[in-house]
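Sequence order for the protein chains is W and R.
Residues 1 to 215 (full-length UniProt numbering) are what the first sequence spells out, left to right.
Residues 1 to 493 (full-length UniProt numbering) are what the second sequence spells out, left to right.
Ideal Cβ placement from N, Cα and C applies to all residues, glycine included.
As the structure is a computational prediction, the values presented were derived from the model and not from experiment.
As C-alpha cells, the structure follows; a few thoughts come after it.
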Amino acid sequence: MSSRDLILGRVRRALADVPRDDTPYEQAIERGYLREHGGRSVEQTVDLLAENLADYRALVHRCAADELAPTIAGLLAGHGSTSVVLPAGLDAQWLAASEVTRVPDRAEGTSGELDRVDSVVTACALAIAETGTLVLDGGPDQGRRRITLVPDHHICVVRVPDQVVSSVPQALARLDPTRPLTWISGPSATSDIELDRVEGVHGPRTLEVVLVSGE
Amino acid sequence: MSGGTFVGMPAFPKAAHEAVNNPTLRGNLRHATHTIRAKRAVAVAELDDWAALREAGKQIKDHTLRHLDRYLVQLEESVTAAGGIVHWAADADEANRIVTDLVKMTGESEVVKVKSMATQEIGLNEALEAEGIHAYETDLAELIVQLGKDRPSHILVPAIHRNRGEIRDIFAREMGEWGRPAPEGLTDTPAELAEAARLHLREKFLRAKVGISGANFMVAETGTLMVVESEGNGRMCLTLPETLISVVGIEKIVPTWQDLEVFLQTLPRSSTAERMNPYTSMWTGITDEDGPQTFHLVLIDNGRTDTLADEVGRQALRCIRCSACLNVCPVYERAGGHAYGSVYPGPIGAILSPQLRGTASEIDASLPYASSLCGACYEVCPVAIDIPEVLVHLRERIAEGGPVTREGNKVVLKPAKGHAAERAAMRAARWAFSHPGALRTGQRLASRTRRFHPRSLPGPGKAWSDTRDLPTVPAEPFRDWWQRTHGGKDTDK
C-alpha cells in the first residue's frame, strides 16, 4: 500500500466517530468577525496606512503624481545609491529625474548581481491600512520576488487612494492566489533576541513608501 | 518519532528541577515572556472582534480536521495542477528518506532552511547530515541554536533561553567554523548581532540551489502555501534556490483562500504581538521565471492521524504554532522549554508530544502533569484549544490506561506504573461514596478523633503536606448538621 493510501485510510478510521455532515462549506463556518475595523473616510484610511507603515519603521513620503519623479530621485540620492533595479513594466517616467544606473530585472540575472545593486523601485498590488502592509503580486511594475529582497533599499510606490484597502479580508478578496504574493509590513526585522523587535536582518533594511495621489 | 536530539530525556519534574535552579535561564525567560505578554495584550485589544475571529479560526480548523481526507486529496490535486510534486510520508523516517533523496537528485550537498517545526520534529537536519548534506538554519534564533550546538526551547524564538551576551559569545566563537566569521569586536547590541547574522548567511543564500521550508498554512482549493516570518530569511529560501522542498504536517490545511483572512489577523498578533509580521510569502506551485522552478511538497503524518483518532485530544491539531500559550504559562516561565523534551514545549507541547509520540517514554508520560491547570493557555489560544481539558484527559489515560491509536492501530494501554496509590485512593472513594452507611460512620469517627489528627501526612504524603496545611475536620459532619437543622425536614423522603 502506498503511504498516501495508508495515511488517507488512517484519517478515515480516525474519524469513524464523527457524524456525517454535508453542510456546504459556506454555511459551515460562522464568520461573525468584521470586514473592517471602525468607520473611516477615504482620507482617514490613507492616513491610517501612513501611520501604521511608519509605526513599523517604514519611511513614508507623500506627493502628487507630477512630483513623483523628483521625489524618487531625491530618495535615491538621499540613500547614496548609484544603481537601481527596475521591473520591466515600471513606468519609465518615474525615474525620469534620476541619473543612477538602471539595472533591468532579467530572468538570467543572478542573485549575486542583485546583491551589488543599491536600490529597487517598484509599484505594488495593494496596501492594507489597518496593518500597514504592502502586497506585491509579481505584476509587470513589481517584477520578480527577489528584486525586492536582495537590495538593501526598497522604494515602493502606492497610488492612493485607489490601491489602499482597509483590512486583511478586503485585501484577500482583491488578490489573485495563483500569483506569487509577498506581504511586506515594514523593513526586515527580528524578535529573536530577547523577544524584542530589531529592524534589519536579511531583507531590505530601509523601506521607503511613496504615497502618490492624483493622476 | 526519530527526533534524535531528545532521546533519553529525563521526566519533566527532573529536567524542570535543574532548569529552575539556573538563575540566568530563569531571568532570560522571565524577561522575554513578560515583554511579549504585555505586547500581545495590546495587539489583541486593537481588534474588537477578537472573540469572533477566534471562534471562526476554531471552526475552520475543526471543519478541516473532520473532512481531512477530502481536503488532503483536494490539496494534492491543486498543488499538482499548479506544477508542484506531492509526496506522502507516514512517519519521520519516511519523510527524511524522501527529502534526502530529493536533495541527492539535485546533486547538491548543502541546503538552506527556513525555520520549520515539522522538520525539527522529524530530525531532518541530522538525517541529512548522516548522508553528507549540510543543512544551514537561517532563522536568527535557529542559527543561534545551531551554532551553539544547543536545542530549541520555544516555538517562535528557539533561542529564548539565551540573552544577548550569550548570543554574542556564540557568534564570536562559532561563526568562523561554519562560514564567514563574526565581525571583529562584535558587541552584544541586538542590531549588531542581527548584522553579523546578515553577513554570515548572505553568502549561503546567494549560492544555495536547494531550499527547505515548512508552511504555516496550505489552501486546499488553490494549492497555495504560506510562510509568515520577520527577517527575510524565509523569502531568501523560498525564492532564490532552484529547488524548493516544503515539509508540512497534514493538519496545516485550510479549505479556502478566504480562510486566510482569519489567521492572518490572529497569528501575528498572537505570536510576535504585531499587527502584521514583516514578511508573508504565498506561492502556488511554480511561477515561470520567478523563484524555484521545481517544487516538492512532502505531507507528513508522523502521529497526527493517531492524534486525530482521540475524540478529546484531536483539538490539539487545530494549533497554528503561535506560541502564545508558552508566553503566558507559569510553568514554562520557570522550567523553560528544554524540560519538555520535545520540539514542542510549553502547554501545547504537553498535549501534543504525548499524542504524536505516545506515552511509552518517561518524559512523554510525565508531560500531561507539567501544568497547574490554571487555564491561561486556553484564554490566549487563537483557535481556542482547551489545553487543560486535554491535559486532564491524558492524565486519566496514563493513570487508568485505555484505548489509543498508535501508527493507525487501536491498542489498549495498561495503567502506568507509579499511580497505584492514586488508583487505590480513587477505588476506596468510589466504594465509600456508594455505601452511605459506611461513609456516615467514617465521617463521624473522623470528627470525634479530630484532636488526634497529625498536622502533616505520614509516609510518601509527607513531602506534599510539608508546604500545605491539611484541612481541619469539622466537629460535626455536614450531613449530621443538615439533619439536625431545618434542612433535614424535606430531604428524608
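According to DSSP, residues forming a beta bridge with residue i
i: C322 (chain R); result: According to DSSP, C322 (chain R) bridges with nothing at all.
i: K14 (chain R); result: Paired residues: none, contrary to the question.
i: T280 (chain R); result: W:W183, R:V228
i: I144 (chain R); result: According to DSSP, I144 (chain R) bridges with nothing at all.
i: S213 (chain R); result: R:S246
i: D290 (chain R); result: R:T287
i: F295 (chain R); result: R:L244
i: A127 (chain W); result: W:L134, W:V164
i: H153 (chain W); result: W:S119, W:T206
i: Y378 (chain R); result: Per DSSP, none; premise fails for Y378 (chain R).
i: V158 (chain W); result: W:L211
i: W88 (chain R); result: R:L299
C-beta contact flag for residue i and residue j at 9 Å
i: A129 (chain W); j: V165 (chain W); result: yes
i: Y136 (chain R); j: E174 (chain R); result: no
i: I363 (chain R); j: A89 (chain R); result: no
i: P474 (chain R); j: R450 (chain R); result: yes
i: A123 (chain W); j: P87 (chain W); result: yes
i: N302 (chain R); j: A41 (chain R); result: no
i: T178 (chain W); j: A82 (chain R); result: yes
i: M236 (chain R); j: H202 (chain W); result: yes
i: W94 (chain W); j: L114 (chain W); result: no
i: A365 (chain R); j: A350 (chain R); result: no
i: V117 (chain W); j: S83 (chain W); result: yes
i: R146 (chain W); j: L413 (chain R); result: no
i: L75 (chain R); j: M282 (chain R); result: no
i: I320 (chain R); j: S270 (chain R); result: yes
i: A43 (chain R); j: P268 (chain R); result: yes
i: V210 (chain R); j: E108 (chain R); result: yes
Partner residues on chain W for residue i, Cβ-Cβ distance less than 7 Å
i: H31 (chain R); result: E194
i: M236 (chain R); result: L149, H202
i: T272 (chain R); result: S191
i: L264 (chain R); result: V168
i: S230 (chain R); result: A189, T190, S191
Within chain R, partners of residue i - CB distance below 7 Å
i: I29 (chain W); result: A56, Q59, I60, H63
i: T131 (chain W); result: R275, M276
i: P169 (chain W); result: E261
i: S3 (chain W); result: W88, A89, A90, E94
i: D17 (chain W); result: E311
i: L172 (chain W); result: W257, Q258, L260, E261
Coil, strand or helix - residue i by DSSP
i: I245 (chain R); result: strand
i: M1 (chain W); result: coil
i: N163 (chain R); result: coil
i: T119 (chain W); result: Residue 119 (chain W) is actually Ser in this sequence, not Thr. Looking at S119 (chain W) - three-state DSSP - the assignment turns out to be strand.
i: V18 (chain W); result: coil
i: G4 (chain R); result: With a pLDDT of only 38 at G4 (chain R), under the threshold of 50, the placement of this residue in the model should not be trusted; the figure read from the coordinates follows. Helix.
i: K493 (chain R); result: For K493 (chain R), the pLDDT reaches just 46, beneath the cut-off of 50, and the residue's location in the model is therefore unreliable, leaving the point undetermined.
i: L470 (chain R); result: coil
i: S271 (chain R); result: helix
i: T138 (chain R); result: coil
i: T182 (chain R); result: With the sequence shown as reference, residue 182 (chain R) is identified as Ala, and Thr is not the correct amino acid for it. A182 (chain R) falls in the coil class under three-state DSSP.
i: R31 (chain W); result: coil
i: S191 (chain W); result: strand
i: M9 (chain R); result: coil
Partners in chain W for residue i, counting only beta-carbon separations shorter than 9 Å
i: T35 (chain R); result: E194, L195, D196
i: T24 (chain R); result: Within chain W, no residue comes near T24 (chain R); the closest Cβ sits about 13 Å away, beyond 9 Å.
i: D480 (chain R); result: Correct list: empty, because the minimum Cβ distance to chain W is about 46 Å.
i: N163 (chain R); result: I193, E194
CB-CB length for residue i against residue j, believed under 8 Å
i: A33 (chain R); j: E333 (chain R); result: Before going on, a small fix: residue 33 (chain R) reads as Thr here, not Ala. The pair is a contact, with the Cβ atoms about 5 Å apart (cut-off 8 Å).
i: V160 (chain W); j: V212 (chain W); result: 7 Å
i: A73 (chain W); j: S98 (chain W); result: 4 Å
i: G223 (chain R); j: V79 (chain R); result: 4 Å
i: L195 (chain W); j: G132 (chain W); result: About 21 Å separates the two Cβ atoms, so there is no contact after all.
i: E422 (chain R); j: A438 (chain R); result: About 21 Å separates the two Cβ atoms, so there is no contact after all.
i: I85 (chain R); j: H296 (chain R); result: 5 Å
i: E242 (chain R); j: P292 (chain R); result: 6 Å
8 Å Cβ cut-off: residues of chain R touching residue i
i: S166 (chain W); result: Here the premise fails: no neighbours, minimum Cβ distance about 12 Å.
i: P177 (chain W); result: V219, T222, T224, W257, M282, T284
i: I7 (chain W); result: L72, W88, A90, I250, L299, D301, T305
i: H37 (chain W); result: E46, L47, D48, D49
i: G186 (chain W); result: P278
Residue i Cβ short of 8 Å to the ligand MN heavy atom set
i: P10 (chain R); result: The ligand MN is absent from the structure shown, which contains no ligand whatsoever.
Contact list for residue i against chain W, beta-carbon separation under 8 Å
i: T287 (chain R); result: G138, R179, P180
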